[in-house]
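Residue numbers (our numbering), protein chains in the order written: chain A, 183 to 521; chain B, 183 to 521; chain C, 183 to 521; chain D, 183 to 521.
There are 4 protein chains.
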Amino acid sequence: MERKDYLRNPVKHIKINSPLTVDQLMQQFKNSGSLGAGRLSAACDIYEKMLRDKECTVFLALSGAVVPAGMRTLIVDLIRKKLVDVIVTTGACMVHDAIEAVGGHHYRANWSVNDGELYKYHLFRIYDILVPEEDYVKLDFKLAEIYDSIAREYEGKSLASNEFSMEIGKRLTDEDSILRAAYEENVPIFIPAVRDSEFGFIHWLHAAQEKPKPVLLVDAFKDVPTICGICARSPKNGMIVIGGGVPRNTIQSSALASKKGLDYAIVVTLDRPETGGLSGSTLEETVSWGKMKGEGDRVMVIGEALMVFPFIVASVTERLGKEFKRAPFLQFQNQQTEG
Amino acid sequence: MERKDYLRNPVKHIKINSPLTVDQLMQQFKNSGSLGAGRLSAACDIYEKMLRDKECTVFLALSGAVVPAGMRTLIVDLIRKKLVDVIVTTGACMVHDAIEAVGGHHYRANWSVNDGELYKYHLFRIYDILVPEEDYVKLDFKLAEIYDSIAREYEGKSLASNEFSMEIGKRLTDEDSILRAAYEENVPIFIPAVRDSEFGFIHWLHAAQEKPKPVLLVDAFKDVPTICGICARSPKNGMIVIGGGVPRNTIQSSALASKKGLDYAIVVTLDRPETGGLSGSTLEETVSWGKMKGEGDRVMVIGEALMVFPFIVASVTERLGKEFKRAPFLQFQNQQTEG
Amino acid sequence: MERKDYLRNPVKHIKINSPLTVDQLMQQFKNSGSLGAGRLSAACDIYEKMLRDKECTVFLALSGAVVPAGMRTLIVDLIRKKLVDVIVTTGACMVHDAIEAVGGHHYRANWSVNDGELYKYHLFRIYDILVPEEDYVKLDFKLAEIYDSIAREYEGKSLASNEFSMEIGKRLTDEDSILRAAYEENVPIFIPAVRDSEFGFIHWLHAAQEKPKPVLLVDAFKDVPTICGICARSPKNGMIVIGGGVPRNTIQSSALASKKGLDYAIVVTLDRPETGGLSGSTLEETVSWGKMKGEGDRVMVIGEALMVFPFIVASVTERLGKEFKRAPFLQFQNQQTEG
Amino acid sequence: MERKDYLRNPVKHIKINSPLTVDQLMQQFKNSGSLGAGRLSAACDIYEKMLRDKECTVFLALSGAVVPAGMRTLIVDLIRKKLVDVIVTTGACMVHDAIEAVGGHHYRANWSVNDGELYKYHLFRIYDILVPEEDYVKLDFKLAEIYDSIAREYEGKSLASNEFSMEIGKRLTDEDSILRAAYEENVPIFIPAVRDSEFGFIHWLHAAQEKPKPVLLVDAFKDVPTICGICARSPKNGMIVIGGGVPRNTIQSSALASKKGLDYAIVVTLDRPETGGLSGSTLEETVSWGKMKGEGDRVMVIGEALMVFPFIVASVTERLGKEFKRAPFLQFQNQQTEG
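Given below as structure tokens:
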């Protein structure tokens, strides 16, 4: 590169003439184009490209306190508007969703509370959010029923994690639930570590009951060919990561195992690369593996995902406009099983 | 606190009906009210309160790559609209401003470039931003002239850091300059570590010139009573910190030394508290010192300040509306010296 | 608390009279007792207490690049000396171990390399470490054989994740392997997200082969009662976390589900609490859930676990001395299945 | 680079045969050579090289809670053994040192205390450390006397920040004080932001006293040619940074302004590069400026400096052995002024 090539893009300064829409501000960020603002606007551009690319399947990785933080409706809306095609998440995220689906709530609190007092009150803390134990108990009863029901329907068969989440979604009635919306809209939800959550402990209760009855079976490996098949059949694949952990790793590894490599990637995280852990690893590193194509569009936004992601969604949906309609390239068939 | 007191505020979920203005989204964040989104909306509420509180002096601490990141105009607008009353910053920040004031630029680049090549090209890197050496050289010549001019005017006298910045601002003509705007609008700019920047190295050149002439003198301690006096005379004091370091410490210590304690505080940073360093220290800790009043409104937003602060400004100015006028409680007199 | 109670423990300054053994330096850290040094020495004290408490079962959570970073032998030695009783880990960690067990290697590199070039060379990068693709291929072949062998032995039965790791360990011959050592020493290794790793993708190949043969089945939920049972039967439970993620969550949740609560906990991580994610959550927060007893000994060390943990092990084993013998309170029976 | 060149250095696994000296463990880290352990051992190698390089001047940047954390004696020993040649630090660091020099103390506490209660008790908190207000008051009285004494001696003259610290050190009698030791051993201590600390507020009291008397004058810019001159006259320059901020920036900028560029650099920090701030910026970035030579030995250790630095010192002093004697290449003359 010659010297002059480095000097083509002067930083333009952000100008705030309120009121600005979220995307108007994001366009200002694009002009400045550097540091956090530049990365955030690049994330919006990449998400927009994914959605306008008719051949791209959009994978959303969810981890952390997505539902407690107040992003449940936002995710449901993405599902219903076909702005995500596949979700990969943790057991905990879907447990949080299910708690609200059975009438429970998360409550705003303060991070500097007395945890000993909370323990006596049976209030569970997630940083500055509380969940009362009774909401977990309510979930336990409902899920135990649901497990019985699924087990009867699938007697003698094992489910994949995406079938598990679909069957739960089918049996929840709350239209504001991520699991329910995904079921209705045929968006598969993979939960590769489903066991590491209340889903696992309820299974223990469910399976331990004395009178003989069918037991729900989830096959740890059964979802592997399904998610890899999606990557393989989709001409292009894009990933948005809220947080990190197993959901990010599963998507990246599926892109590798299917010999496709991601075409688009957005990661929003506060994790750091220096530990060698997957959650904070750079998207450059993923190129060496073939998890991401070298020429793929990618950006890592350093920030609390639960604060940053709504700005991305607001900016991109504003760009798309009310008339925008999107159909996933691949059609899934959650509802088929009802027929 | 009784159990039921913990359960008064259920998290309400964010709903994005695009297009949303920045403040409409911020109101959604307020409803969710937890984690990053909750903290960010709290920061907007506190800044709004500061501005509507007629007795409050608003201190803005600037550190890091504020100008290279594209926030120069944003800061200038805050100054001209009287939405900040006092600025405390680093030498580097004002050097970046002055570089653009003399016709230099910052350029968008990539963080994963070859620094050896940049060195050969005389391009200086600030993460993903470049400054060409010739823009520094241009500044050096101009500042050397300015130093001579100030030295002649103040022969035999020492300046405080805020007088130094005022005198620079008086001699710059760029209306888009932070230093110039602050001069015109009577907003004092304190630079407690002014020596730790190009300002210091230019001084070396200036003072080393052979032919006898007056030398610019800056008294390291002279700004102390000035900034403490502002705190003391202001019925209330509020602080907004972009980054950390000396600017944050100076404001907090001035609030302590003047026996006032801050009434409002917003800190936006990625620094962590566990090291014991000032930049990442919690605002609770400041209460123990008396730097902050125990009942003062305060919040720490964990994020890249240069990405987060524009959202705060856009949200708050939208709330205030076009008609809002604010006059600082204290009147400063930068311009007096011209008369 | 009265004022004087806060002033009982003046910080004593660290004195380095080299050569110091690791524990001699750690005792200096104990005297200073604050910030990172204080936390690190507290971690050593707590691990020592766990090991000397004859009723305590020691759970080790491993995530991230433990083996690539060079801690394989260290973990093996902990297993063989009975200084850990139960391991909970990621699929990736055990894949890394298995790669070396079949003759593969990890290589030291630099984090600022050209990932496009690495991709062409089929070299996979983990921050500043490389693994050549051929070592993965070697593993794939060996594991496919092992899967066939396990499937034949367990035809018609599903394995729990700890049985899966035990059966792999039984079939590896490398005495320096974590999986092998754990098998020989009857240390159960739980891999709750086993599917999210090369283990999952090899399973896909294994299961997809054309000619009919038994297929290895892993039941996602089957390890839940096993690990909860260990917590329940153990009078006391202690946890050491390297990193975070699923391994940390599984141990904490098992302590909760078994209604025991941890008595001791050490977490070494760079993750932050403010996102609401589990990996960075404080140990105070775990008290609210009952995952940790309010009076339990606990400390969180902010650091790269792979740099910090060897200091803890060196310090604690030095304290214990060569003569120290420890037997786990609970006896497990990995080897039984051979009989 | 050819493929085989990437595969020359397999990671060797760390083996802990307790008791190990700190350096024996560090040699293990060198064999593993990657991630945090690799970086830490590289830091030790680089510090050792600096000390054995007879042409190298060693600059130590100190920021944050160095003294409260218990590293006062460690720094004093480095000074007395000639293992650092120049210190650049914050006002706060030297205030902490001076507090202990006049009989005050820092006390170990807990980070989750009630700051409102501490405020009532006049106990100031630094994360998990407390300083009682009376120790500050004791310092205020002593420093006011010292300022008077210096002002009388230097009537009509301005001091540079390094002269200021030398004159304080000359007037303290505590042999365990950093300021005193540096004075005795002719190690200059630069405090570029001296005003941003209790030193500044005491100056306010000192200067405001009614009866006419000489006032201590510190010239903000006077230390610039001194520190640049040290860089210029020293054939090689090395930097060790504990934390970041002004001390790191001053050393790096001096290396640039003197047209030398650092030959060696070690930075220990938890700050991140992505914000564009100086404290977390990579050492690669410094190469683009010429602050660091492209071929210079450099490493950034991601960790709490106050936990990590003692390991570096213990390892390096162990390598050097008791017989090792080092004389600085440049001779300074703190004591001259006494003559």
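The C-beta atom is built at its ideal place from N, Cα and C for all residues, glycine as well.
Reducing DSSP to helix, strand and coil, say where residue i ends up.
i       : result
A447(A) : strand
L264(C) : Note on residue identity: the sequence assigns Lys, not Leu, to residue 264(C). Coil at K264(C), not helix or strand.
I424(B) : strand
A283(B) : helix
L488(C) : helix
M253(C) : coil
I311(C) : strand
M348(A) : helix
R508(B) : coil
Y336(B) : coil
L305(A) : strand
E430(A) : For clarity, residue 430(A) is Arg in the given sequence; the question names Glu instead. The answer is helix: DSSP assigns R430(A) an H, G or I state.
For my contact list, residue i and residue j are in at a C-beta cut-off of 8 Å; report their separation, rounded to the angstrom.
i       : j       : result
V369(B) : I269(B) : 6 Å
G252(C) : K194(D) : 7 Å
P492(B) : L256(B) : 6 Å
T272(A) : I373(A) : 7 Å
I384(A) : D445(A) : No, I384(A) and D445(A) are not in contact; Cβ-Cβ is about 38 Å, not under 8 Å.
L260(A) : L341(A) : Contact flag wrong, Cβ pair sits at about 25 Å.
S497(D) : C226(D) : 4 Å
K418(A) : C238(A) : 4 Å
P250(A) : S216(B) : 7 Å
Would you say residue i reaches chain D, if we count a Cβ-Cβ gap shorter than 9 Å as a contact?
i       : result
D405(C) : no
R307(A) : no
D259(C) : yes
R190(A) : no
T432(B) : yes
For chain C, find out if any of its Cβ atoms is closer than 9 Å to the Cβ of residue i; answer yes or no.
i       : result
R353(A) : no
T457(B) : yes
I551(B) : The structure shown does not extend to residue 551(B), since chain B is modelled only from 183 to 521, so the question has no answer here.
C413(A) : no
Y303(D) : yes
In terms of residue numbering, what span does the alpha helix (DSSP H) encompassing residue i cover?
i       : result
F565(D) : Examination of residue 565(D) is not possible in this model, given that chain D is present from 183 through 521 alone.
A389(C) : E380 to A390
A364(D) : I360 to E367
Y229(A) : L217 to R234
Would a check of beta-carbon distances place residue i closer than 9 Å to chain B?
i       : result
R185(A) : yes
M489(A) : yes
I350(C) : no
S497(D) : no
R290(D) : no
S214(A) : yes
If you measure from the beta carbon of residue i to each beta carbon in chain A, is any gap under 9 Å?
i       : result
T519(C) : Low confidence applies to T519(C): its pLDDT is 42, below 50, so where it sits in the model is not reliable, and the reading given next is rough at best. Not one chain A Cβ lies under 9 Å of T519(C).
T271(B) : no
D378(B) : no
S294(D) : yes
List the endpoints of the continuous beta strand (DSSP E) containing residue i.
i       : result
V240(D) : C238 to L244
- Check whether the region 464-471 of chain D touches the region 463-482 of chain B, counting contact only when three or more Cβ pairs, one atom from each stretch, lie closer than 8 Å. Counting Cβ pairs under 8 Å, fewer than three are found: no touch.
- Item | Inter-stretch contact (C-beta, 8 Å, three-pair minimum) for the region 232-250 of chain B and the region 419-432 of chain B | Touching, yes.
- Kindly confirm or deny that the region 448-456 of chain B and the region 478-492 of chain B touch, where touching means at least three C-beta pairs closer than 8 Å. Using a C-beta cut-off of 8 Å, the region 448-456 of chain B makes contact with the region 478-492 of chain B, since at least three inter-stretch Cβ pairs fall below that distance.
- Contact the region 403-414 of chain C vs the region 329-347 of chain C: 3+ CB pairs below 8 Å: Under the three-pair Cβ rule at 8 Å, the region 403-414 of chain C counts as touching the region 329-347 of chain C.
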